[in-house]
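Asker: Can you keep this structure in mind? I'll have questions shortly.
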């Protein structure tokens, strides 16, 4: 089971030199996708307990289009292990607003975390 959210990254999200967006931006998207996954699986938003790992692999920039995937890795009685991946699928070419769809997505961030659903 998985869900995928796509989003344009506004230039106003860039806070660093080189038009870079902070890593927390992707983690927020993981939270949204994880909540969607939890609703799909359990009919409840769940509570996120924490990340076991987070890897920042490539920069995200203002003007990109990204997709955040949340995939169920394992399901316990109340816990859900979720694998996350943030991919850049379109990239701004320059400051003029021109952009291109990438032939191959760039994996920007990977993470694994645990969500907990309440006892029934």
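Residue numbers (my numbering): 830 to 949. For every residue, glycine included, the Cβ atom is placed at its ideal position computed from N, Cα and C. Note that the structure is a prediction, hence the values are computed from the model and not measured.
Could you check how far apart the C-beta atoms of residue 952 and residue 897 are, in whole angstroms? I think they sit under 8 Å.
Answerer: The requested residue 952 does not occur in the structure, where the chain is confined to residues 830 to 949.
Asker: Quick one: residues in its chain with C-beta nearer than 8 Å to the C-beta of residue 929, no 5 flanking neighbours on either side, listed in chain order?
Answerer: 919, 920 and 922
Asker: Go to residue 876, then tell me how far its beta strand (DSSP E) extends in each direction, as first and last residue.
Answerer: For residue 876, the uninterrupted beta strand (DSSP E) segment begins and ends at 876-885.
Asker: Would residue 855 and residue 889 qualify as a contact pair, given that the criterion is a beta-carbon distance under 8 Å?
Answerer: yes
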